[in-house]
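Residue numbers (the UniProt record's numbering): 1 to 112.
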């Protein structure tokens with residue numbers, strides 16, 4: 001197993017990523033829309049099986065790097081993209097009047 005770290009733009013758009021393998025430097029394809037934590041198997045490029053019979057797979061874990069600092073122009077462009085995609089409101093944010101999981105559990109234990 002190994003991990004590659006790519007910027008969020010490369011994860012969204014797709015890219016080719018250099019990776020040092022047992023066979024030397026290779027480029028792996030990162031598909032558009034790749035999510036952080038996703039795995040890319042490289043079949044037959046892992047270590048040799050203990051009892052012979054070929055090589056195993058090399059599993060590449062993808063880590064998507066989110067920028068921690070943006071300049072004014074980058075922030076403006078990201079906000080514009082979020083607006084175009086209808087993502088101004090974060091997913092998982094509760095609507096007004098909606099109870100969260102812990103509130104519902106508390107009510108259930110209190111007999112409400």
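Where is the CB? At the ideal position from N, CA and C, for every residue including glycine.
Using a Cβ-Cβ cut-off of 6 Å (strictly less than) and excluding sequence neighbours within five positions of residue 55, which residues of its own chain qualify?
Along the chain shown, one-based indexing puts residue 55 at 55. If we look at residue 55 and ignore the five residues flanking it on each side, its Cβ neighbours are 44, 46 and 48.
Beta-carbon within less than 7 Å of residue 36's beta-carbon, same chain only, minus the 5 sequence neighbours each way: which residues are those?
For the purposes of this step, residue 36 is taken as the residue at position 36 of the chain shown. The residues are 62, 63 and 64.
Using beta-carbon positions only, say whether residue 60 and residue 13 come within less than 8 Å of one another.
Reading the chain shown from its first residue, position 60 is the one you call residue 60. Reading the chain shown from its first residue, position 13 is the one you call residue 13. Going by beta carbons, residue 60 and residue 13 fall outside the 8 Å limit.
In terms of alpha-carbon separation, which member of 66, 21, 25 and 3 lies closest to residue 38?
Walking along the chain shown from the start, residue 38 turns up at place 38. Out of 66, 21, 25 and 3, 3 has the C-alpha closest to the C-alpha of residue 38.
Relative to the C-alpha of residue 9, which residue among 111, 78 and 1 is closest?
Along the chain shown, one-based indexing puts residue 9 at 9. With distances taken between Cα atoms, residue 9 lies closest to 78.
Within its chain, find whatever has a CB closer than 7 Å to the CB of residue 82; leave out the 5 residues flanking it on each side and keep chain order.
Along the chain shown, one-based indexing puts residue 82 at 82. Cβ-Cβ distances below 7 Å link residue 82 to 88 in the same chain, with the five nearest sequence neighbours on each side left out; the list follows chain order.
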